[in-house]
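Residue numbers (full-length UniProt numbering): 1 to 145.
To keep things clear, I will list the structure first and then write my remarks on it.
What follows is the structure, encoded as structure tokens:
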């Protein structure tokens, strides 16, 4: 039984298909790496926000306790009450600024990680393309000999 030329593919065509499949597999791995990094970053951001919320709730509870103690002593001067409110307001503002700064630092760190990953992927793509060109050049040289 003879096989027709349409049923048989040239070895170089088969290599090309295999290379394409390998490249697709590499791209899939790169996409998975990106996805894992984004998931990690999302978890870090959620943890950072949760920590900020917890700190704020603890501070507000402390403030409420201070105010309730102030109510227990109605003879205290109104200026003391005003000073208490101002101090508590400043503490909340400072905490808010600290949390905002922490979120910014986290985003900067995450952006740097994403950029490093993209640089690594770009380098690997260039390396892969260089290897493919070298292989195709070698195949061409072998065919001509």
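Even glycine gets a Cβ: it sits at the ideal position worked out from N, Cα and C.
Taking the straight line between their C-alpha atoms, what separation do you get for residue i and residue j?
i, j, result
"residue 108", "residue 45", "12 angstroms"
"residue 106", "residue 33", "19 angstroms"
"residue 137", "residue 24", "21 angstroms"
"residue 111", "residue 77", "51 angstroms"
"residue 125", "residue 21", "14 angstroms"
"residue 88", "residue 101", "20 angstroms"
"residue 17", "residue 127", "19 angstroms"
"residue 26", "residue 47", "32 angstroms"
"residue 83", "residue 70", "12 angstroms"
"residue 151", "residue 96", "Nothing about residue 151 can be read from this structure; the chain reaches only from 1 to 145."
"residue 131", "residue 117", "21 angstroms"
"residue 113", "residue 99", "21 angstroms"
As a quick exercise: from the options, pick the residue whose alpha carbon is nearest that of residue i.
i, options, result
"residue 86", "35, 66, 101", "66"
"residue 119", "30, 19, 82", "30"
"residue 90", "122, 28, 132, 59", "59"
"residue 93", "18, 56, 123, 83", "56"
"residue 28", "127, 133, 121, 130", "121"
For residue i, count neighbouring Cβ atoms within 10 angstroms of its own Cβ and tell me buried if that reaches 16, exposed if not.
i, result
"residue 11", "At residue 11, the pLDDT of 49 sits below 50, so the modelled position is not reliable; the number obtained from the coordinates is stated separately. Exposed: under 16 other Cβ atoms inside 10 Å."
**Request:** Determine contact between the region 23 to 41 and the region 51 to 58, defined as no fewer than three beta-carbon pairs at a distance below 8 angstroms.
**Result:** With a cut-off of 8 angstroms, the region 51 to 58 and the region 23 to 41 do not count as touching, because too few Cβ pairs lie within range.
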